Each structure stands twice: as C-alpha cells, then as structure tokens.
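Shown next, in structure tokens, is the structure this report addresses.
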Amino acid sequence: MPGQRKVYMISGGVTKFAKAHPDMDFRLMVKRAFDYAMKDVPDLKTSDIESSRISYFSDHFARQLKAASMVQDYLGLNPKDSRRIEWGGATGGQAIQAGWETVASGRNEVCLVAGFETMSHVETWKGNEFIALASDTNFDYPVGGFYTGYYALMVQRHIYEYLRKTKFAHVKDERKAQREATQEAKRVMAMVSVKNHVNANHNPYSQYPEKLSMKEALGREMVAYPLNRPMICTMSDGAAVAILASEDVAFKYTDHPVLIKGVGCGTDTMRLADRPHGSVPRFQWEKAEDYSGLRYPGVHSFRAGRAAALEAYKNAGISDPKKELDFVELHDAYASSEIQTYEDIGLCRYGEGYDFVDQGHPFLEGIEYGLELPHRGTIPVNPSGGLIACGHPVGATGIMQGVFAFWQLQGSIQKHFGNDELQIKGAKRGLIHSHAGTGSSVTVTIMERA
Amino acid sequence: MAQLKKFARFRDVMKEVNAKGAALYKNPVGTEDLVILSPYAINYIHSYAEDSPFFLGLAEGKIMGSECKACHYRYATPRSHCMNCGAETEWFTLPNEGRVHSWTTCYYGGEEFLKETPFNLALVEFDGVDTLLLARLKGAKEADMFIGMKVKAVFRRPPRYLVSDVHFVPSEKPRKK
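The listed protein sequences correspond, in order, to chains Z and A. Heads up: the first sequence begins at 1 in my numbering, then just goes up one per residue. Heads up: the second sequence begins at 1001 in my numbering, then just goes up one per residue.
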C-alpha cells in the first residue's frame, strides 16, 4: 500500500478457550497469552513494546468499565500509548487492524494487540440477551432479540434465493419447494459443522473438539430453524495476543515474521430490515450477467464482507483469492454464515456456496471426515476449527484467528499444537475474517509468509 | 456466615451461588476459587425521540413508515433521515397487510424472551415499500410458514409502547394437509 510502512506479525499467544476460567480473571488470561507470545521471541523485551491496542466486546460481560486500562496496568505497559477497541463480533479483527495502523503510520515500531472476553460470568441465556443488545434496541431487540434467530432469518432467505430458485425451481408447490431446499441446505450446513469440529480435534486450544458424524450433526436440538446446536458457536472465556512490528525491527526478533499484506473493512446497516436491494459490487472475475435479477445484498448476503474483501484484495494485489490464498480462517459464528462468507470473499460466486462445500473444497486433505469429498483441499477454511469448535470469546476471537494464521504461515503448527495434522504444507498466504452484528461490520486481513 | 460449600463441577458452583450467594470451586488446575453472586439491575429512562411517532402510531393501530422527501425511498422501519441521500423523511401509514420476506421459529432466546419460546420471527415486506419490518408471526406453526405468505397486522391492547405492540398473523387460514 503506497505511503505505508510494511507491518509484520512477529509472535502470538492464545489461552485455551473454555466455558469458564474461574481460576483467572481477564487480566491473568491476557497475561498468560502475552507471556506465551513473549517466550516465542526471547530477544523482545516488554520495554520494546511502544503501544497497545486492547479489545473486548461487552461492558455487560466484563462488568468493569476501562477493563483495557487494567490489562495495560497488569502487563506493566504504563505509561505508554494504549486504547480500547470495540467493534461487536469483529472486535478482534479490528484490533489487529488498529495495531497495523499505528505501526504502518510510523508512530510505533512494536505494538501489542491483546483481546479477551469473559462470557461465563452470566448464564448462557442472559449472555444471549447481552449479545442481542448489539441489535437495534428500539426496533429489533424487543421483538425477541436473539442472534441465532437473526441468522436463521438470513439463511432462510439465502436458501430461497440460491436453492429454491435454482436446484428446486422445478418443484411447483411453493411450500414443498422451500421445505426441500431448506433440508438440502441443512445437510450442507451439517457438513460445515462436521468439518470444523473434526478439525478442532487436532487443535489443543479448542473448546469443542469432537468426532462429529453427519447423523449426529443433523440429529441434534434445533435452536432457530434451520440452525441446530452444532451449527452455532457458544460462549467462551479466553484471551489472545498478537505482536506487530515494523520491517525495520521485525527481523531482529524473529527469522520468520509474517507480513500483514493487506487490510480491508466494510460496513452495512445495523438493522436487517434496512438492507438495500441493489446490485453486487463485483470482483473482476465476476460478470454482471452472473447476477442478473439478483437483488443485493438483501438479508441473504453480507455486503460488509464483500466490501472488506474488495479492499483487502486490492491492497494485497490479489485477483483470484481461490488460487492465491492457501487457507482462510473466517468468522463462522454459524455454519450458515460460513457458507455466506465464502461467497462474500469470492471463494466462489454468490449462489455457489452450498456446492462449494458439497464438492469438498474447504476441507483439509489428510483429515478423515467420514464424508465423500471429491475436491477436498482446494482452499481449507477454518483449519483451526473456527468459532464453532474453538469457541468465541468475542474480544479474543479475531486475534485468535490471527495467531492460528501466523503459526500456519510460519510452519510452526507442530511446535504450538504438539502435532502437525492441521499444518497446511507450504502455506504462503492466508486470510483472516472477523464479522460483527448481523453483518454490520467486517474486517478482512491478508497475511503472507515473509 | 455458614461454611462455604465446595464443588468440583462449575455447574454446581453456579447453582449454589444462585441459591446461597457464594461457593468455592475446586478447580482442576489445583486452585480453589471463591465465586459470589453479583446482581445488577437498571431502570433506564428511555426516550424514543425522533422515532416516537412510530410507537404512538402502533398505539392507534397504525404502522408508520417514513418516506424520503427528496428521493422518495420508503422505509418500513422508520428513520428521520434518508440513508441514501441524507434528506429528511416524512411519515406515512403502511398497509396493515404484507408478505413474509423471511421467517424462523426460535426454540431458545435471550433470557427475557425464553419463557415465550417457541416463537416465530418474520421480516415483513409491503407493496411499494423499499425496506422491511421485523416482527413476531403468531398463529402459524413451523410447517405452515413460507416466504411469500400473506400476513396481516394485529395490535396489542392496551399498548406497552414497544415495537412488539404489533405482531402479524397469517391472512389466510393455514391449509390442511
């Protein structure tokens, strides 16, 4: 990017994500992740860190205002520059970009990005209420505010636009056609759920590793039709840190830094009801006629994700993400939004997401899923297990993706996971994607092996 | 204070804390953590401000949308300025009948609404209006609902001055299978 300095990630650390960590408050969780990251770059001293960007999503969960100042304090970083970053579900992704900005601008040589969330302090359904406060409290929340309900509304329309109108166009009876299309989508979403849970078996930091079968994935309890339990991420406690450095100093601390090659960020209306029905902002390989008659984004796609990807690819010089990226860690708060995101970030065209999964493209080679996958390994998505299986301690999540991507690109998965099952051999370039609200804010960051 | 009870399962700790106010957690990492109940309740004095006519409209049995004075974009969920051109909007009355743009049945929900589960959510579209309205859809089971289904508004009496003062029901009786 012109006029900007190159920024590298030089180290990272993650606590094991868990339902609850009653033995550690948020400061100690961040400290543990921080100490891990510092141990990995022994030449870096705390005194070399010039600033911090500290992220957590919810004051309600924390019940402690200025909690970021307490992290700064606990890590011994006073009196240096620091600020709190909050951006809903994309808090962690935005924190990485905030750290990138301070180094890219030349203000700092080394910046610590640290995030956490402590969601165990209330019961699950109170937690869901807190999260629903991140929807319009005049018009959305009082109707029965529940994020899984909002995502169910979105995927129902996605299924209508992209399965009902295509694969099930021949079914005359409207209700029957919609029902059959939803059953088909549910099967594909269960495949995503199987993929992420099975991948997580090899990730020691994950909260819900499981050898999940299709039968189990499809058979579990419905939460909001058609989304059932294994298709939805859960509440977690956890922390993650990423240390960013300028090109001038990065190689002093590690022989294997990872370049933050491009950043992108997009937004959309807070309320689902307000989403426009216009035309698709296209990648260069998409044609206008691919989307004739499609009213976009509606409630079926994430325009914020598309905008973030367009900017990030432009900045990173990527023209065909499916070919030029080796893996993606994306914000799969729901199996449905993982499929919607493939299309937003151009791993396939709009409408091709279900087929993309069915053909096996986002599955890893060398992992046994118990599924027939003719084209596995094209571009592994969520090799770590994603939010669905790793957990989603909101303020840490986007940073966790950054750390897993960093280790993939360093080729150091064996060292940090204790096994190399999830290591993508020769991975050169990866994408991390952080997503908030009902798709109201999204960040995309491209990372590249130096 | 009575002796604190100690538990190895955090779920039991939560139960005890809810009942007695405090408990000890025998953590597998080897620590003993003191866990207490810490209540928190707030009454906000909330003004609907520029959105007020919408909520007053519901109390009179009308759904009020807003239309941009400059570009005539029409909002089913009102806003006082247009998101496309920034001009002021004016109020208009939406039809009481619309169609389901999307729907779901929630079997769980946030704590406040958990006792109402299962309930249906629908995004409702109206003829000649550019945006949608989120509402509950009552009187229909999961098997009855579909995108495109005609629905009509029902208003709560007396009003609670919440967006839930309007909900929708199917315009036609669900067909028998």
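Think of the CB as a built atom: it goes at the ideal place given N, C-alpha and C, for glycine as much as any other residue. Note that the coordinates shown come from a computational prediction; the quantities given were computed from them, not determined experimentally.
Please classify residue i as buried or exposed, where buried requires at least 16 neighbouring CB atoms within 10 angstroms.
i: Cys-1071/A; result: exposed
i: Thr-443/Z; result: buried
i: Asp-40/Z; result: buried
i: Ile-1147/A; result: buried
i: Arg-1136/A; result: buried
i: Thr-1031/A; result: exposed
i: Pro-297/Z; result: buried
i: Cys-1085/A; result: exposed
i: Glu-365/Z; result: exposed
i: Pro-209/Z; result: buried
i: Asn-228/Z; result: buried
i: Lys-172/Z; result: exposed
i: His-197/Z; result: buried
i: Trp-1103/A; result: buried
i: Pro-142/Z; result: buried
Quick check on DSSP: helix, strand or coil for residue i?
i: Thr-91/Z; result: helix
i: Ser-236/Z; result: coil
i: Pro-297/Z; result: strand
i: Leu-28/Z; result: helix
i: Asp-1033/A; result: strand
i: Arg-376/Z; result: coil
i: Cys-390/Z; result: helix
i: His-416/Z; result: helix
i: Arg-1074/A; result: strand
i: Gly-76/Z; result: coil
i: Asn-1018/A; result: helix
i: Arg-1160/A; result: coil
i: Trp-1103/A; result: strand
Between which two residues does the alpha helix (DSSP H) holding residue i run?
i: Phe-130/Z; result: 124-132
i: Cys-348/Z; result: Note, Cys-348/Z: premise wrong, no alpha helix (DSSP H); not H, not E.
i: Ala-1122/A; result: It is not in any alpha helix (DSSP H) - Ala-1122/A instead sits in the beta strand (DSSP E) that spans 1119-1125.
i: Asn-321/Z; result: This sequence places Pro at residue 321/Z; Asn is not what is there. Counting along the chain, the alpha helix (DSSP H) containing Pro-321/Z begins and ends at 321-324.
i: Met-214/Z; result: 214-219
i: Gly-149/Z; result: 147-159
i: Val-171/Z; result: Neither: Val-171/Z is in no alpha helix (DSSP H) and is coded neither H nor E.
i: Gly-305/Z; result: 303-316
i: Ile-339/Z; result: 335-344
Give the residues of chain A in contact with residue i, contact being defined as C-beta atoms less than 7 Å apart.
i: Leu-272/Z; result: Leu-1123 and Leu-1134
i: Phe-139/Z; result: Thr-1077, Leu-1134 and Val-1163
i: Lys-126/Z; result: Glu-1111
i: Met-222/Z; result: Tyr-1107
i: Ala-132/Z; result: Gly-1110
i: Glu-460/Z; result: Nothing can be reported for residue 460/Z: it is not among the residues displayed for chain Z, which extend from 1 to 450.
Can you give me the start and stop residues for the beta strand (DSSP E) that residue i sits inside?
i: Arg-187/Z; result: Unbroken run through Arg-187/Z is the alpha helix (DSSP H), 174-200; no beta strand (DSSP E).
i: Tyr-1025/A; result: 1022-1026
i: Ala-224/Z; result: 222-224
i: Lys-1152/A; result: 1150-1155
i: Val-1169/A; result: 1166-1170
i: Ile-54/Z; result: 51-55
i: Arg-83/Z; result: 81-85
i: Tyr-522/Z; result: Absent from the model: residue 522/Z. The displayed extent of chain Z is 1 to 450, so no value can be given.
i: Leu-431/Z; result: 429-436
i: Arg-1079/A; result: Note, Arg-1079/A: premise wrong, no beta strand (DSSP E); not H, not E.
i: Ala-1135/A; result: 1133-1136
i: Val-249/Z; result: Note, Val-249/Z: premise wrong, no beta strand (DSSP E); alpha helix (DSSP H) at 247-253.
i: Leu-259/Z; result: 258-267
Starting from the beta carbon of residue i, find every residue of chain A whose beta carbon is closer than 9 Å, and list them in chain order.
i: Gly-145/Z; result: Gly-1109, Gly-1110, Glu-1112 and Phe-1113
i: Leu-153/Z; result: His-1101, Ser-1102, Trp-1103, Thr-1104, Leu-1121, Ala-1122, Leu-1123 and Leu-1134
i: Thr-470/Z; result: This structure does not reach residue 470/Z, given that chain Z is present from 1 up to 450, and the question cannot be answered.
Quick one: which chain Z residues come within Cβ less than 8 Å of residue i?
i: Val-1029/A; result: Asp-23
i: Val-1035/A; result: Pro-22
Against residue i, what residues of chain Z qualify as contacts under a CB-to-CB distance less than 9 Å, listed in chain order?
i: Asp-1012/A; result: Simply none; closest approach about 12 Å.
i: Glu-1116/A; result: Gly-144
Residues of chain Z with CB closer than 7 Å to the CB of residue i, please, in chain order.
i: Ala-1076/A; result: Ala-273
i: Glu-1142/A; result: Tyr-225
i: Phe-1146/A; result: Glu-174, Arg-175 and Gln-178
So with CB distances below 8 Å, who are the chain A contacts of residue i?
i: Gln-156/Z; result: Ser-1102, Trp-1103, Thr-1104 and Ile-1147
Less than 7 Å separating the Cβ of residue i from some heavy atom of the ligand MN?
i: Leu-422/Z; result: As for the ligand MN, it is missing from this structure, which has no ligand bound.
Exercise for review: Check distances from the C-beta atoms of the segment 1149-1176 of chain A to those of chain Z and list, in chain order, the residues that come in under 8 Å.
Suggested key: Leu-1162, Val-1163 and Ser-1164
Practice item. Pull out every residue of the segment 291-305 of chain Z whose Cβ sits closer than 7 Å to any Cβ of chain A, in chain order. Key: Val-299
Point to revise | Within 9 Å of chain Z by C-beta, residues of the segment 1037-1069 of chain A in sequence order | key: Ser-1038, Tyr-1040, His-1046, Tyr-1048, Asp-1051, Phe-1054 and Phe-1055
Review point. Between the segment 70-93 of chain Z and chain A, which residues of the former have CB atoms less than 7 Å from a CB of the latter, in chain order?
Key: none
Point to revise | Near-chain A residues of the segment 382-397 of chain Z (beta-carbon distance less than 8 Å), N- to C-terminal order | key: none
Point to revise | Contact set between the segment 1081-1098 of chain A and chain Z, restricted to residues whose Cβ is under 9 Å from the partner | key: Met-1083 and Asn-1084
**Study point:** the segment 321-354 of chain Z: positions lying closer than 9 Å to chain A by Cβ
**Key:** none
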